[in-house]
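The structure under discussion appears below in the form of structure tokens.
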Amino acid sequence: MEDQKRKPGKSQLDIELNDEVAQGTYSNLAVITHSSAEFVLDFVRIMPGVPKAQVKARIILTPEHAKRLLRALEDNIKKHEAVHGVIKDKGPGGPAIPMNFGGPTAQA
447 MEDQKRKPGK SQLDIELNDE VAQGTYSNLA VITHSSAEFV LDFVRIMPGV
497 PKAQVKARII LTPEHAKRLL RALEDNIKKH EAVHGVIKDK GPGGPAIPMN
547 FGGPTAQA
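According to our numbering, the sequence shown is numbered sequentially starting from 447.
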């Protein structure tokens, strides 16, 4: 996010990452809502052939932290694209919800 170099007089923050959290949670859709006091980011996983989707993680941020997150994402996307090429963007419409995963519809 901000310049991560240590500055004189600043203490280091020890961040722990347990095994369960380290595995991560996959999401292919984010739903963002906000009030005057907070931003709520719901991360959803949509699966092919399943008419329902579940929120897998909810992150609640202050507006100031949401703006810092936006800047950090922009910075990291620029760095990623410099190495791997431009990320294709489907535009404001994006993919239709539910997403078309292609292939035949699953049957049991």
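Don't be surprised by glycine CBs; every beta carbon is placed ideally from N, CA and C.
- A direct Cα-Cα distance of roughly 24 Å separates K513 from E462.
- Here the C-alpha atom of V532 lies approximately 21 Å from the C-alpha atom of L515.
- For I523, no beta strand (DSSP E) segment is defined; the enclosing uninterrupted segment is the alpha helix (DSSP H) at P509 to H530.
- Between L507 and F489, the CB-CB gap reaches or exceeds 7 Å.
- DSSP places V467 in the helix class (H, G or I) of the three-state scheme.
- In this structure, A476 and L487 form a Cβ contact; the two beta carbons are roughly 6 Å apart against a cut-off of 8 Å.
- Remark: C-beta atoms of K502 and S482 do not approach each other more closely than 7 Å.
- Residue pairing of D488 in beta bridges, as defined by DSSP: V477 and R504.
- From the listed residues K534, G537 and I478, the smallest Cα separation to I505 is found for I478.
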